[in-house]
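Protein chains: 2
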Amino acid sequence: MTDPAANAELALLLEVAGTPKPGNVDRHRDLANLRFEHFLAGAVGARPGLDLAAGGAPVGEAFETAVEGMSRQSGGNTQFGCLLLLVPLVKAAAAGDLSPDGVAAVRDATTVEDAAGFYRAFEHADVAVADPPQGMDALDVRCGVDAVPVLRDRDLTLADVLARSEGDANAREWREGFPRTFRAAESMLADDGPMADRAARAFLDLLAGSEDTLVRVQHGPEVAREVRERAAGIESTAEAEAWADELVERGVNPGTTADLTAAALFVALERGAEV
Amino acid sequence: MTDPAANAELALLLEVAGTPKPGNVDRHRDLANLRFEHFLAGAVGARPGLDLAAGGAPVGEAFETAVEGMSRQSGGNTQFGCLLLLVPLVKAAAAGDLSPDGVAAVRDATTVEDAAGFYRAFEHADVAVADPPQGMDALDVRCGVDAVPVLRDRDLTLADVLARSEGDANAREWREGFPRTFRAAESMLADDGPMADRAARAFLDLLAGSEDTLVRVQHGPEVAREVRERAAGIESTAEAEAWADELVERGVNPGTTADLTAAALFVALERGAEV
């Protein structure tokens, strides 16, 4: 009998351990003010929220609790995006259907209160996000708790909010039933060797497969395209190592791809991958 | 409000992340069949047992549960010794007295059932131990559950058993009220920089301070003395790094000193050290 909350926490830890993951904190690299140990503390801190999700609590409550706990370390935002993917996956696993349909059912059952929990979570962490789409200013996630009355007025569930988050790779997973997550999990299961190494390889595949949201938000579409193309051309671990050093140096951090990697690790662990 | 179980799990993670810790798995080094990710999984797996300890369960039950969970990874024994120190410390913290007296009170309250849990824990992990003292053959920990009737016959508590474990540094902490653990925790609190770096420095100090039990069991007293003396002579991180490579190469693994480091990290976190 597996415990989905424990596997989710382990997925967070294996994700950050996987190396090289170009541009991200990994077992061999820290960023300037964001260190490996901040991710360790973030993963442990997220556990009570993950336990809530595994116990059947609403997505919004579980997510806000996870983010609040994650944030009790001095590095800032470590795993906000990972948790946005993991919470519905943990709920689907706990309900006995960890599949695209199962997680779509979790999504479709979300309420306005779940959306409120999502917005409140932004109060606990400094998350880099794009400007909201036209007409959505009052629902800019950077408004945090101030957006909650607007959610209630417009009767928007968390699924509604994420359906409107165009261009965000994590919101896209929510909308589409986590296709990239499940595909990457199957690649990891078909791969061999230590799980953290499989995670690093899956990270590069995901990065080659589509542009990283965080890179686009922080550096613009041209850098996002360049990073994707470069990832697609990597042919050896040595090349990946050199590129990892280069991206850290340039401050280019494909963090959304790391979120997807953590989500895929969780699915792989639930489907029998062993450390 | 801190959660002692969460801090104990984080202590396990920070301990293995700390580098260089000569001879041990650390952020930059794996051993042949014992990898960094086995320690991540071991820490997550130990959590239910640590939660039991924080909730006031008996030491033996909490310890056996922690070891059983820790062992659900393919690397073998990762944190048996750490957990033997952490469980009574977590209980003392949860009871509001994380001090030499507080942990001595936990020790003095142990029962024959706690001793039985300790012996049963050896069924879950392959732990390297010395031969038992004369007249103690029937209580060799390697007997595991078979020793339990003997414990009952002789009415031996866990404190009694550990009082008879001569030459074991972890048992000595139990006997003496964890003096090295609390001293190393105070050094970490007085130190500065990232906690994993403080842990690596504390590890070297502890190793210079007394011979490592696991090194003596596996390689004999001369190697244990050599390692202690060498640790005392280390004067720079560069020297420590080179020595770390050398010890991994030789298969000399000061694992008991890592146990003490994890215990000290827990005390430091409970006393306000922040990641």
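Taken in order, these protein sequences are the chains called A and B. Those letters in the first sequence? Residues 1 to 275, per the UniProt record's numbering, in order. Those letters in the second sequence? Residues 1 to 275, per the UniProt record's numbering, in order. Backbone N, C-alpha and C fix where the C-beta goes; we use that ideal spot for every residue, glycine too.
Give the straight-line distance between the Cα atoms of residue i and residue j, rounded to the nearest whole angstrom.
| i | j | result |
| --- | --- | --- |
| B/GLU274 | A/SER99 | 38 angstroms |
| A/GLY102 | A/TRP243 | 37 angstroms |
| A/PHE63 | A/VAL127 | 14 angstroms |
| B/GLU68 | B/LEU86 | 15 angstroms |
| B/THR213 | B/HIS38 | 22 angstroms |
| A/LEU52 | B/PRO88 | 27 angstroms |
| residue 286 of chain B | A/ARG216 | The displayed coordinates of chain B run from 1 to 275. Any statement about residue 286 of chain B would go beyond what the structure contains. |
| A/PRO48 | A/TYR119 | 19 angstroms |
| A/SER210 | B/LEU204 | 45 angstroms |
| B/SER236 | B/ARG201 | 10 angstroms |
| B/ALA43 | A/ASP114 | 31 angstroms |
| B/ALA66 | B/ALA46 | 4 angstroms |
| A/GLU246 | A/GLU229 | 15 angstroms |
| B/ALA208 | B/LEU189 | 19 angstroms |
| B/ARG198 | B/PRO4 | 20 angstroms |
| A/ALA94 | A/GLY55 | 7 angstroms |
| B/VAL150 | B/PRO133 | 16 angstroms |
| residue 282 of chain B | A/VAL161 | This structure leaves residue 282 of chain B out entirely; chain B is present only between 1 and 275. |
| B/ALA41 | B/CYS82 | 14 angstroms |
| B/VAL248 | B/ILE234 | 17 angstroms |
| B/ARG175 | A/LEU34 | 40 angstroms |
| A/GLU270 | B/SER74 | 16 angstroms |
| A/ALA8 | A/THR2 | 11 angstroms |
| B/SER165 | B/ALA159 | 10 angstroms |
| A/ALA109 | A/LEU50 | 18 angstroms |
| B/CYS143 | B/GLY193 | 44 angstroms |
| B/ALA268 | A/ARG225 | 45 angstroms |
| A/LYS91 | A/ALA11 | 15 angstroms |
Who are the neighbours of residue i on chain A, taking C-beta pairs under 7 angstroms?
| i | result |
| --- | --- |
| B/VAL25 | In chain order: nothing, as chain A lies at least about 11 angstroms away. |
| B/LEU40 | LEU10, LEU13, LEU14 and ALA17 |
| B/ARG183 | By Cβ distance, chain A contributes nothing, its closest Cβ being about 23 angstroms from B/ARG183, past 7 angstroms. |
Name, please, each residue of chain A whose Cβ falls closer than 9 angstroms to the Cβ of residue i.
| i | result |
| --- | --- |
| B/ARG266 | It should be pointed out that residue 266 of chain B corresponds to Phe in this sequence rather than to Arg. Result: empty, since nearest Cβ-Cβ is about 12 angstroms, beyond 9 angstroms. |
| B/ARG271 | Those within 9 angstroms of B/ARG271 in chain A number zero; the least Cβ separation is about 16 angstroms. |
| B/ARG107 | The contacting residues do not exist; B/ARG107 stays about 27 angstroms from chain A at best. |
Cβ closer than 8 angstroms: which chain A residues qualify as neighbours of residue i?
| i | result |
| --- | --- |
| B/VAL44 | ALA6, GLU9, LEU10 and LEU13 |
| B/ARG250 | Within 8 angstroms Cβ-Cβ: nothing; B/ARG250 doesn't reach chain A, min ~23 angstroms. |
Mind listing the chain B neighbours of residue i? Cutoff is C-beta to C-beta under 7 angstroms, in chain order.
| i | result |
| --- | --- |
| residue 276 of chain A | Outside the displayed range of chain A (1 to 275) lies residue 276 of chain A, so it cannot be described from this structure. |
Which residues of chain B have a Cβ atom closer than 9 angstroms to the Cβ of residue i, listed in chain order?
| i | result |
| --- | --- |
| A/ASP201 | Just to set this straight, residue 201 of chain A is Arg in the shown sequence, not Asp. Within 9 angstroms Cβ-Cβ: nothing; A/ARG201 doesn't reach chain B, min ~14 angstroms. |
| residue 276 of chain A | The structure shown does not extend to residue 276 of chain A, since chain A spans only 1 to 275, so no value can be given for it. |
Is the beta carbon of residue i within less than 7 angstroms of some heavy atom of the ligand NAD?
| i | result |
| --- | --- |
| A/ASP146 | The model on display carries no ligand, and the ligand NAD is accordingly not part of it. |
Would you be able to state if there are at least three C-beta pairs under 8 angstroms between the segment 248-262 of chain B and the segment 13-27 of chain B? Segments in contact, yes.
Taking three-plus beta-carbon pairs below 8 angstroms as touching, is the segment 220-234 of chain A in contact with the segment 25-40 of chain B? Because the criterion of three Cβ pairs below 8 angstroms is not met, the segment 220-234 of chain A and the segment 25-40 of chain B do not touch.
Does the segment 127-141 of chain A touch the segment 178-189 of chain A, meaning 3 or more C-beta pairs lie closer than 8 angstroms? No, they do not touch.
Contact between the segment 56-72 of chain A and the segment 11-20 of chain B is defined here as three or more beta-carbon pairs at a separation below 8 angstroms; is this criterion met? No, because fewer than three Cβ pairs between the segment 56-72 of chain A and the segment 11-20 of chain B fall closer than 8 angstroms, the two stretches do not touch.
Output the residue ranges of the alpha helix (DSSP H) runs that lie fully inside the segment 170-210 of chain B and measure 4 residues or longer, sorted by chain position. Complete alpha helix (DSSP H) runs here, min 4: 179-190 and 195-209.
Along the segment 73-100 of chain B, what residues have a CB closer than 9 angstroms to any CB found in chain A? If the cut-off is 9 angstroms between Cβ atoms, the segment 73-100 of chain B has GLN73, SER74 and GLY75 near chain A.
Looking at chain B, which residues of the segment 211-244 of chain A have a Cβ within less than 7 angstroms of any of its Cβ atoms? Those would be none; no residue qualifies.
Are three or more beta carbon pairs between the segment 230-242 of chain A and the segment 152-163 of chain A nearer than 8 angstroms? No: fewer than three Cβ pairs fall under 8 angstroms.
With three or more beta-carbon pairs closer than 8 angstroms as the criterion, would you say the segment 255-268 of chain B touches the segment 157-173 of chain B? Yes, since at least three Cβ pairs between the segment 255-268 of chain B and the segment 157-173 of chain B fall closer than 8 angstroms, the two stretches touch.
Which residues, in order along the segment 109-143 of chain B, keep a beta-carbon less than 9 angstroms from a beta-carbon of chain A? Here the close residues number zero.
Listed from N- to C-terminal order along the chain, which residues in the segment 148-176 of chain A have their beta-carbon within a distance smaller than 9 angstroms of any beta-carbon of chain B? Taken residue by residue, none of the segment 148-176 of chain A has a beta-carbon sitting less than 9 angstroms from a beta-carbon on chain B.
Ignoring anything shorter than 3 residues or poking outside the segment 84-171 of chain B, list the beta strand (DSSP E) runs there in chain order. Counting whole runs of 3 or more residues, the segment 84-171 of chain B contains no beta strand (DSSP E) stretch at all.
When you check each C-beta in the segment 43-65 of chain A against every C-beta of chain B, which residues fall closer than 9 angstroms? Residues of the segment 43-65 of chain A with a Cβ closer than 9 angstroms to any Cβ of chain B, in chain order: ALA43, VAL44, GLY45, ARG47 and PRO48.
Start-end ranges of the alpha helix (DSSP H) lying completely within the segment 19-63 of chain A, minimum 4 residues: Within the segment 19-63 of chain A, the complete alpha helix (DSSP H) runs of at least 4 residues are 36-54.
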